[in-house]
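Quick note on the numbering used here: the sequence shown kicks off at 92 and runs consecutively. Note that CB positions come from ideal geometry on N, CA and C, so glycine has one too. For reference, the structure discussed in these notes is given below.
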Amino acid sequence: QVQLVESGGGLVQAGGSLRLSCAASVNIFTINAIGWSRQAPGKQRELVAEFTTQGLSNYADSVKGRFTISRDNAKNAVYLQMNSLKSDDTAVYLCYLYLRGMTYWGKGTLVTVSS
92 QVQLVESGGG
102 LVQAGGSLRL
112 SCAASVNIFT
122 INAIGWSRQA
132 PGKQRELVAE
142 FTTQGLSNYA
152 DSVKGRFTIS
162 RDNAKNAVYL
172 QMNSLKSDDT
182 AVYLCYLYLR
192 GMTYWGKGTL
202 VTVSS
C-alpha cells in the first residue's frame, strides 16, 4: 500500500517562505514521476512542481523562480521549498507519485499566505 504524508504547511505572511515535506511509504529511488499539486478553495487542482518520467523538474509558470522541488531518495522524501509567497499561493498542497500505472495522492497540507 502506497502512502504519502505531507507536512510543513501553515500560516505565513506574504513574502515569507515555507518548506513542505512528503514522506513516501515506498522506495522512490526508481520513481521518476513524483511531485506536488495544489488546490485552492473553489478552484481546480493544479500542478505546482514535479519530477517528470525523464527525470527533469517541471514547474507551473506561476511559481517559477520562487519554488524549488527536491528529493532525497535515501529518505523516500520529496520537498517543496517555497519562497516569496503570495496570497495566491494559499491552497492545500498535495504530494503525488505515479507507480505501475496508478497515481497515488497524499491528504495534503494547508498553506495560508496572509497579505
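For my contact list, residue i and residue j are in at a C-beta cut-off of 8 Å; report their separation, rounded to the angstrom.
i    : j    : result
A124 : L188 : 7 Å
L111 : G100 : 6 Å
G199 : L176 : Between L176 and G199 the Cβ distance is about 17 Å, and since that is not below 8 Å, they are no contact.
CA-CA distance, residue i and residue j?
i    : j    : result
G106 : P132 : 21 Å
Can you name the start and end residues of the beta strand (DSSP E) that residue i belongs to?
i    : result
R136 : Counting along the chain, R136 falls outside any beta strand (DSSP E), and DSSP gives it neither H nor E.
V202 : T200 to S205
From the DSSP output, read off the bridge partner residues of residue i.
i    : result
I160 : L171
State the DSSP-derived secondary structure class of residue i, mapped to helix, strand or coil.
i    : result
Q108 : Note on identity: in this sequence residue 108 is Ser, with Gln being the wrong assignment. It is coil, neither helix nor strand.
A165 : helix
S128 : strand
S178 : helix
L147 : coil
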